[in-house]
Every structure is written in C-alpha cells, then in structure tokens.
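Enquirer: Encoded as structure tokens, here's the structure I'll be asking about.
Numbering (mature numbering (1 follows the signal peptide of the UniProt record, and there is no 0)), first residue to last: -22 to -1, 1 to 357.
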C-alpha cells in the first residue's frame, strides 16, 4: 500500500469513500438456481449454493464471509495469506483458500469448473490513486469475473460505490477510483454468461467514526463548511447490514441484473449533526469546528503543481487523495427512496457501541487520531 503524505491524509475527515439506478439488461438470461428459495425473506434466505468471496480480508469482506456462513452457504474466502486469515474469527465456518487476485493463473487454480455458483467481490483499492484503482477496482476484479465465468458460476455480486454516479455524469471533479469502478461495472454488464447485482453503498459506519476518540479527549469535531451553515449529508450503512444486503442479492430476483444504491435506515445526518451526536453519546458538550471547503482547492492546486513540476508520482497520488477529501466534503452520500434503505442499525446505535467497546484503528478513517489514542480509549 502506498504511503501518502500526512497532509493529504488528514483531509479525509469522516471520509465516506470508500455511488443512479441502471436499467436491467434485457437480453441476459439467468442461469438456473436449483435450490432457489420459493419465498425470499431479506436477511434469512439461503439457496444453499457455493459462494466465493474475493476481497474477503477487507473491512466489508470479513462481514460478508461471516454473513454467508451464518445463512448456511458453503463459503470460500479467497485471501493472499491463508495463515493470517485462519486467525480471523469472522472466517470461522468458511473454507480459506490462498490466491492472488492480480494473477489470473492463480485464480484459475481455485475457480475450477463447477466449484462455484456465486461470487461476491468486495475488492477495493486502499489509496484511491489511479494506479491502485485500475489495478484493484478494475483489473483484479475483472480477473475474478473472468475466472467465475470460466468456472460456470451463475451470479456475480459487485460491491461498488454510490459516488460512481459522478463518473457516469462525467463531473469535472469525478475521481480516478470512480472511473475504475465504472469501467468494471460496464464489463460486468457486457458479459452474458452470468446474472449480476451491483451494490453501491453510500458510506460505511467506519468512515464516519474517525473522530470519536479525539472528541472524547476534548477536541472539537471538525467538519467542512459549505457556507450558510451547510455541510455534506449522508445516511451510512452498518457493515453487518451491508453484508446482509449483499448476500440477499443471491436469492432476491428483484435485484437481478440491476444496480442497487444503498444507504442505512437514518434519514441522513449532516457533518455538524454527526459531530453533535458523537458529543451527546460521549456525554460531552457539543463542540464543532467548521473549516472552509475552499482550503481543498488551495491544497489540490499546490500538490498538483508540485507533481507536474517534479514529475512525481507520489505527489500526483497526494493530489488525487486531496481531491477525494474535497469530493466527500461537498457531495451528499444520501439515498431517499425507501427501497434504497436497508437494515436496522442506526448511526446513534453504532456510536453508542463503539463508545463502550472501542473501534479498530484505521489511518484512512481515524485521521485526527492515532493508534495510541484508540488503544487508550478502549481501556
């Protein structure tokens, strides 16, 4: 994973990165699912088919493996390190197989003919740089799609992103990882060997939890001010709820060959409201600090200018990372259609839980904190 300058990293406050409904493919015929349940029940139905999860060691991937096993699916988790994955409790009940998603020959050895019915891809680049995005969000995922087709799988579930809509609209501020995900979605729609579901979540709970420890320490909750007291709004979804939704698409025929924009059950919370909620849960007086969003323009222009001047790939990546921060500072990640809301866990309930149990440190979401602060908070 590429290490980016901390300056650009710190811009991703409450990053919801880590995406318009698309018409169903009219010509594609769905392969039969011999054990398809007669009556679909969200969060419960299991067809009994063989499921393979790629990107299984990631944040959402682990939750998907756990949910698939809980439902009763024979589940295979693809990982780069079998030894490390074996120590992961969320993999209990799953078969762990080692393979490199960037190497088609490695995947071919795993995806034997008839060995898989459904593939769930949770692959995602960590940095969001152009190089990483096209290597993972596009090429590695495409490798898995081709391996699934060769193995005779009937359905492919792709975890994408709500913000891919910006690449579809060709917004001037659309990001490289959005274009990479869009390109992969197009490849999935083009093939006719399998049915598919593309799930585009708004944001993960983890990505709006990065300031809890610093607020607990007395610091203000930082948000980006769009002017007139406005800030970006989102309705994030919990990881277990998102995992359940992804597994639902295996049996839910209404999601066949379709894009599903997906948020959690909340109506939507602005960044200021998130800050007030964190303070309330922690029993602290509300304290927020608004930072003018124009600061991103200054930083992006500086980093891009330096990248062009010095022909620096790292500075180019830093500039893109700053663009990512700006994007999530100005764009709402919000679903309003009831069919695009899923789950029962609210953001308040999530904050209440991690206020007691603590949370895993991640430098990409805990940008104003540190690993030491997180560990100290857990005590």
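Every residue, glycine too, gets a C-beta built ideally from N, C-alpha and C.
1. Put residue 147 into one of helix, strand or coil per three-state DSSP.
2. Per DSSP, which one or two residues make a beta bridge with residue 208?
3. Do you know offhand how far residue 87's Cα is from residue 300's?
4. Just the Cα atoms here: how many angstroms apart are residue 262 and residue 215?
5. I need the straight-line Cα distance from residue 337 to residue 203, nearest angstrom please.
6. Looking at the unbroken beta strand (DSSP E) that takes in residue 178, where does it start and where does it end?
7. Using only alpha-carbon positions, find the residue among 254, 305, 285 that is nearest to residue 273.
8. Tell whether a beta-carbon distance below 8 Å holds between residue 73 and residue 57.
9. Would you kindly work out how many angstroms separate the C-alpha atoms of residue 18 and residue 312, rounded to a whole number?
10. My guess is that residue 172 and residue 126 are in contact by the Cβ rule of under 8 Å, so how many angstroms apart are they, rounded?
11. Taking residue 48 as the reference, give the member of 240, 289, 225 with the closest Cα.
12. Identify, in the order they occur along the chain, each residue of the same chain with its Cβ nearer than 8 Å to the Cβ of residue 21, setting aside the five sequence neighbours on each side.
13. From the DSSP output, in three-state form, read off residue 318 for me.
14. With a threshold of 8 Å, are at least 3 pairs of Cβ atoms found where one atom belongs to the region 235 to 252 and the other to the region 171 to 187?
15. Can you look up residue 339 in the DSSP assignment and give me helix, strand or coil?
16. Apart from the five residues just before and just after residue 4, which ones in its own chain have a Cβ nearer than 8 Å to its Cβ?
Expert: This is what the structure holds:
1. Correct three-state label for residue 147: helix.
2. 205
3. 39 Å
4. Taking the straight line from one Cα to the other gives about 25 Å.
5. For residue 337 and residue 203, the distance between alpha carbons rounds to 27 Å.
6. 173 to 179
7. 305
8. no
9. 27 Å
10. Cβ atoms of residue 172 and residue 126 come within 8 Å of each other, at about 7 Å.
11. 225
12. Here the set comprises 222, 226.
13. helix
14. yes
15. coil
16. Low confidence applies to residue 4: its pLDDT is 42, below 50, so where it sits in the model is not reliable enough to give any reading.
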